[in-house]
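Heads up: the protein sequence lines correspond to chains A and B, in order.
Residue 1 is where the first sequence starts when you use the working numbering, and the numbers rise one by one after that.
Residue 1001 is where the second sequence starts when you use the working numbering, and the numbers rise one by one after that.
Just so it is clear, CB atoms sit at the ideal spot from N, CA and C, and this is done for glycine as well.
One structure is given here, and the rest of the page talks about it.
2 protein chains.
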Amino acid sequence: MNVLYIGVCKKNLELYYPSYIRGRFLDSPFTDDQLVATVKQHRINVLMVDVFHSSFNKCLLNRLKDHVRLINFSYQSIESLIDMQEAKRLGILVKKLPDDLYCNEVAEFAITQLLCACKGSFRFDRDIRNGEWNQAAHTNFSMNGKTLGIVGYGNIGKRIASLCKPWGMKILVTKKSRHMGPQPAGITIVDFPTLISQSDFIILAVPIKKDTYQMVDRVHIQKLKKNTIIVNISRGNIVDEKAIAEGLEKGNLYQYCTDVFSQEPIDKNHELVKSNKTILSPHIAWATDSSLKKTYDIWFGQTTI
Amino acid sequence: MNVLYIGVCKKNLELYYPSYIRGRFLDSPFTDDQLVATVKQHRINVLMVDVFHSSFNKCLLNRLKDHVRLINFSYQSIESLIDMQEAKRLGILVKKLPDDLYCNEVAEFAITQLLCACKGSFRFDRDIRNGEWNQAAHTNFSMNGKTLGIVGYGNIGKRIASLCKPWGMKILVTKKSRHMGPQPAGITIVDFPTLISQSDFIILAVPIKKDTYQMVDRVHIQKLKKNTIIVNISRGNIVDEKAIAEGLEKGNLYQYCTDVFSQEPIDKNHELVKSNKTILSPHIAWATDSSLKKTYDIWFGQTTI
């Protein structure tokens, strides 16, 4: 088995699975020609694909078909990364990570960022370091008695709801009508406009699709309750970032916590970075000590040809 | 009814109960003589006491006895603030706030600060604002599967355990033996040294007493697991702050989150403030939007003579 790692962080591999550093590494950026040449030169038959900005389309797959037997993605959604039909036709095995792998980690992270904003943790800490003992900051809100709106009731949304169950919040969720089963205990299914106008806290946990692209826009932001906090652990383009920044500036939105951006890495001069009403992280919610280990366990575990 | 407010934040009162700004205000610092003079001059018969650095001892009570009918504390523990026997003997009514008033707020806050430390929220945010997109920071830990040790299983400790129930942690608690009932479901009662050496996260939620003074000391800090986080929402002197600072410096302790300090307000040159392994707040865990309202409801509700 001759392995080529594509876009794989060597540092993480060294930390978690030093024994697996036994293939070659191809770092981004690279061209299709460079990929094909590397595969041919080193008789690569297994591709381990992590960060990948290209696509295994019909043409590229046909150039690889005489060598590659397995393409093993460290991704959960691979629709846009490979032509599955063509891979199947050519007898190239394709593997990916299970869909629910990170739902607990992402749910934990979303609630952390929400709590941080809700309690004013950043401001209190900063004030003390500046020599201010500010007990009348009024940035500390109770969770108990508030309304939490979860947009998207998939694996992540469900886990968020279950982690928040004892916290004494009213929980609203939106859910695709075609999946509408009986209403889960302690949870109220509502439409998106109702969720927007009734929630104190909103967590965005939908996949990015045509109908979810910028689903939180200028109009919605004007309909929010006072002191609403929005947490985005979905994708940057689920919201209109310009409208979010404007809402923060005008006071229609209290805080925006996001792990994701329309452009990643985000530029440090972006208005969301300049705002003191945002809590930011680098698309990292999924990557904890235990999920990284689990990812490598699964990813390497299915590397057999 | 002639009311004198002692050490009361006028700003909070204006925000939450403007209709109650109908008495006189006595701001700290003041002498006993000034207090007695104000009471006599304005025929005060009700004292509403918030921040109070003195004590209603036998002498002071006897100087007030011909005027004051009610001393109403915005405190939960008043043992050190008034000679209860003497007040009773003189027929002065004494009221205070209920013991469990803030347990949910403090529990929510403790978990927030723990999560903040556990996920590395501060660091991620700071990095992005500095133009770093650092996905390999390895500061993001999973809660699930970890061991949470709660020192003190009173109202606050119980609320913490109940909020954390669905998070998939092993929960250890210490509990006074004389209150030792049947072991609560999902919780393991252990002694303090066991809790110290087995917990990934430790929350201190005991009252300050002779036997809890600096109960976390240099010896305990050496016995902690790797990457342990300690959260203090009790009192500053529950820990030996010097030993904590030393533990952070040497790497025996991963993070220290505290709402309380041995000296409040804490000096901005204190080593805990200088450390980048602390998360700090100004004794504010209890004071949320809803608890402030509730406090005033109760405090003013019992102002009848």
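Residues that residue i bridges to, as DSSP identifies them
i              : result
residue 1005/B : 1025/B and 1048/B
residue 201/A  : 148/A and 229/A
residue 1192/B : DSSP lists no partner for residue 1192/B.
residue 255/A  : 229/A
residue 95/A   : 72/A
residue 173/A  : 150/A and 189/A
residue 1216/B : 1239/B
residue 82/A   : 56/A
residue 279/A  : 257/A
Cβ of residue i within 9 Å of any chain B Cβ
i             : result
residue 290/A : yes
residue 111/A : yes
residue 134/A : yes
Chain A contact for residue i (CB, 9 Å cutoff)
i              : result
residue 1124/B : yes
residue 1299/B : no
residue 1141/B : yes
residue 1184/B : no
residue 1011/B : yes
residue 1163/B : yes
residue 1029/B : no
residue 1241/B : no
residue 1015/B : yes
Inter-residue spacing [alpha-carbon to alpha-carbon] between residue i and residue j
i              : j              : result
residue 1273/B : residue 1248/B : 12 Å
residue 1173/B : residue 1147/B : 11 Å
residue 44/A   : residue 56/A   : 16 Å
residue 42/A   : residue 2/A    : 8 Å
residue 1004/B : residue 1296/B : 15 Å
residue 1217/B : residue 1050/B : 32 Å
residue 277/A  : residue 88/A   : 48 Å
residue 1071/B : residue 1038/B : 15 Å
residue 1010/B : residue 137/A  : 14 Å
residue 1105/B : residue 135/A  : 15 Å
residue 1069/B : residue 1035/B : 15 Å
residue 129/A  : residue 1268/B : 6 Å
residue 259/A  : residue 116/A  : 14 Å
residue 250/A  : residue 224/A  : 12 Å
residue 32/A   : residue 59/A   : 10 Å
residue 1230/B : residue 1256/B : 5 Å
residue 46/A   : residue 54/A   : 17 Å
residue 107/A  : residue 1040/B : 60 Å
residue 168/A  : residue 162/A  : 12 Å
residue 226/A  : residue 1275/B : 35 Å
residue 1132/B : residue 91/A   : 42 Å
residue 219/A  : residue 194/A  : 13 Å
residue 264/A  : residue 235/A  : 10 Å
residue 1228/B : residue 1052/B : 36 Å
Partners in chain B for residue i, counting only beta-carbon separations shorter than 8 Å
i             : result
residue 129/A : 1268, 1273 and 1280
residue 312/A : With chain A running from 1 to 305 in the structure shown, residue 312/A is simply not present.
Partners in chain A for residue i, counting only beta-carbon separations shorter than 8 Å
i              : result
residue 1108/B : 115, 119, 142, 143, 144 and 167
Chain-ordered chain B contacts of residue i [CB-CB under 7 Å]
i             : result
residue 105/A : 1142
residue 265/A : 1133
Proximal residues of chain A, C-beta to C-beta of residue i below 9 Å
i              : result
residue 1229/B : Result: empty, since nearest Cβ-Cβ is about 13 Å, beyond 9 Å.
Contact list for residue i against chain A, beta-carbon separation under 7 Å
i              : result
residue 1284/B : 124, 135 and 140
Interface flag, residue i vs chain D, CB-CB below 9 Å
i            : result
residue 98/A : Protein chains in the displayed structure are A and B, and chain D is not among them.
Length at least 4, wholly inside the region 31-76 of chain A: the alpha helix (DSSP H) runs in chain order: 32-41 and 58-64
In chain order, which alpha helix (DSSP H) runs of at least 4 residues are fully inside the region 1103-1135 of chain B? 1103-1119 and 1121-1129
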